[in-house]
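The structure appears below as structure tokens.
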Amino acid sequence: MATLTREQPLTTAIKDVKNRGKDDGVQYDDDDVFALSTEVTHTLDLHQSSAEALRLAGVYTRQSAVLALHHGFRSDDDDTEPDEEDGRLQTIREYHENGMLKLMRTFVRRLRKDATEPTNDASYYDRVVEEKHYDPSGICRLDVHFALGQPYLYRKHYYPNNRLKSEKVFFVEDEESMRCRKVGHWRTYYDNGNIQSEIIYNKDGVRCGFCKRYAIDGAVEWVKDYSREQQERLQAFNAKRGNLDLTVAEAARVLGLHGDWCVHVVNRTFRSQCAPLHPDWRRTAGQKATETWEEEQRTEAFIRLSRAREVLLKYLESHPKKCSCER
Numbered sequence: 008m009a010t011l012t013r014e015q016p017l018t019t020a021i022k023d024v025k026n027r028g029k030d031d032g033v034q035y036d037d038d039d040v041f042a043l044s045t046e047v048t049h050t051l052d053l054h055q056s057s058a059e060a061l062r063l064a065g066v067y068t069r070q071s072a073v074l075a076l077h078h079g080f081r082s083d084d085d086d087t088e089p090d091e092e093d094g095r096l097q098t099i100r101e102y103h104e105n106g107m108l109k110l111m112r113t114f115v116r117r118l119r120k121d122a123t124e125p126t127n128d129a130s131y132y133d134r135v136v137e138e139k140h141y142d143p144s145g146i147c148r149l150d151v152h153f154a155l156g157q158p159y160l161y162r163k164h165y166y167p168n169n170r171l172k173s174e175k176v177f178f179v180e181d182e183e184s185m186r187c188r189k190v191g192h193w194r195t196y197y198d199n200g201n202i203q204s205e206i207i208y209n210k211d212g213v214r215c216g217f218c219k220r221y222a223i224d225g226a227v228e229w230v231k232d233y234s235r236e237q238q239e240r241l242q243a244f245n246a247k248r249g250n251l252d253l254t255v256a257e258a259a260r261v262l263g264l265h266g267d268w269c270v271h272v273v274n275r276t277f278r279s280q281c282a283p284l285h286p287d288w289r290r291t292a293g294q295k296a297t298e299t300w301e302e303e304q305r306t307e308a309f310i311r312l313s314r315a316r317e318v319l320l321k322y323l324e325s326h327p328k329k330c331s332c333e334r
């Protein structure tokens with residue numbers, strides 16, 4: 008059932024209340040119907056709205072677990088939870104030729120976002136919860152944990168001697184496609200147990216903090232403070248940007264704007280002008296980092312474009328006008 012909105016007529020909501028009550032075996036009088044339909048046509052809250060309104064809006068898809076204990080209760084006869092097949096964990100196991108466990112994988116079947124036929128197997132995907140790989144001798148070589156209800160996937164590799172080889176953390180953006188990015192501490196180890204490298208990633212998947220690489224005897228071979236360098240570049244960028252004064256006419260020329268323009272035109276032009284300055288765009292276009300734009304030139308160009316956009320947006324805030332462009 009589609010969720011009701013403010014735009015739907017109240018008579019439609021009343022009709023849906025009666026139909027839903029009839030399906031659930033509940034009889035609503037006229038006052039109840041009017042009150043419930045009025046509640047549903049307004050913004051609902053998971054904790055403040057009534058259970059009836061949440062069920063009518065399609066938020067609750069289950070019946071309330073209401074029991075009558077007057078004549079006693081037998082746990083074995085409880086049939087008030089009929090939908091637990093949805094969300095059931097499944098585990099598969101594979102074995103080596105010598106009989107030793109090769110793979111153990113626990114997952115839950117989930118419906119794809121764009122699925123149109125829920126009865127088709129292709130409409131579902133396996134959401135991994137835990138996965139372990141073993142060698143023929145019984146040593147775990149790969150251990151993956153991806154707990155339900157949280158976006159972090161933990162992955163550990165092991166040497167044949169059962170020592171830890173690497174440990175990594177991923178932030179999973181989309182469980183269906185498993186699109187993810189690096190986060191947290193990534194560590195690798197030598198087979199003697201000594202640490203080999205330690206790289207730190209922030210929430211955006213970018214290196215940060217002190218990152219190090221070590222020799223097998225534990226001596227530090229490489230170290231870099233990414234956060235300090237990023238902070239210095241940020242301060243330099245803000246200083247240059249603040250010192251760049253442009254008039255409205257000059258700012259429009261920097262962005263290549265002519266005639267009438269509005270907020271949407273300014274933002275759209277700014278994005279298109281900045282695209283060639285981004286390293287990822289140049290790699291996609293088949294250009295090398297040293298071609299066309301040197302690092303300093305790209306930074307200066309981006310600063311000028313950013314400042315021009317800021318000047319024009321401030322001007323439009325103080326001189327509002329009707330926008331008729333296509334966004």
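Just remember that our numbering sits 7 ahead of the position in the sequence shown, which is counted from 1.
Ideal Cβ positions, reconstructed from N, Cα and C, are used throughout, including at glycine.
The model shown is predicted, which means the values in this text are computed figures rather than measured ones.
Is the beta carbon of residue i sitting closer than 7 angstroms to the one on residue j?
i    : j    : result
P143 : H103 : yes
Y141 : L108 : yes
C332 : L312 : no
V190 : V176 : yes
D93  : F114 : no
H192 : I202 : no
Comparing alpha-carbon positions, which option in the options lies nearest residue i?
i    : options                   : result
L241 : S184, I310, R260 and H326 : I310
R162 : L155, R194 and D267       : R194
Q304 : W229, Y165, L284 and Y208 : L284
L253 : A315, I207, N274 and G225 : A315
G145 : T276, G263, Y221 and N105 : N105
V261 : V318, S71 and R62         : V318
V255 : R62, L323 and E124        : L323
Y165 : N199, A60 and D211        : N199
Who are residue i's beta bridge partners in DSSP?
i    : result
Y102 : L108
D121 : According to DSSP, which records beta bridges pairwise, D121 is partnered with nothing at all.
K189 : F177
L96  : V115
C218 : K231
Rounded to whole angstroms, what's the CA-CA distance from residue i to residue j? Just pull it up for me.
i    : j    : result
K139 : T98  : 11 angstroms
V179 : V227 : 32 angstroms
M111 : V66  : 35 angstroms
A9   : T68  : Caution is warranted here: a pLDDT of 39 is assigned to A9, below 50, making its placement in the model unreliable, and no coordinate value can be reported.
C215 : N209 : 6 angstroms
D150 : E182 : 18 angstroms
D128 : R117 : 10 angstroms
I223 : L53  : 55 angstroms
R275 : R188 : 28 angstroms
Per DSSP, what kind of secondary structure is residue i in: helix, strand or coil?
i    : result
V318 : helix
Y131 : strand
T306 : helix
H271 : helix
T68  : coil
D181 : strand
T299 : With a pLDDT of only 48 at T299, under 50, the local geometry of the prediction cannot be trusted, and the value read off the model is given with reservation. Correct three-state label for T299: coil.
A292 : Only weak support is given to the placement of A292: the predicted model assigns it a pLDDT of 49, under 50, and the question is left unresolved by the model.
V136 : strand
S56  : coil
Y166 : coil
Q203 : strand
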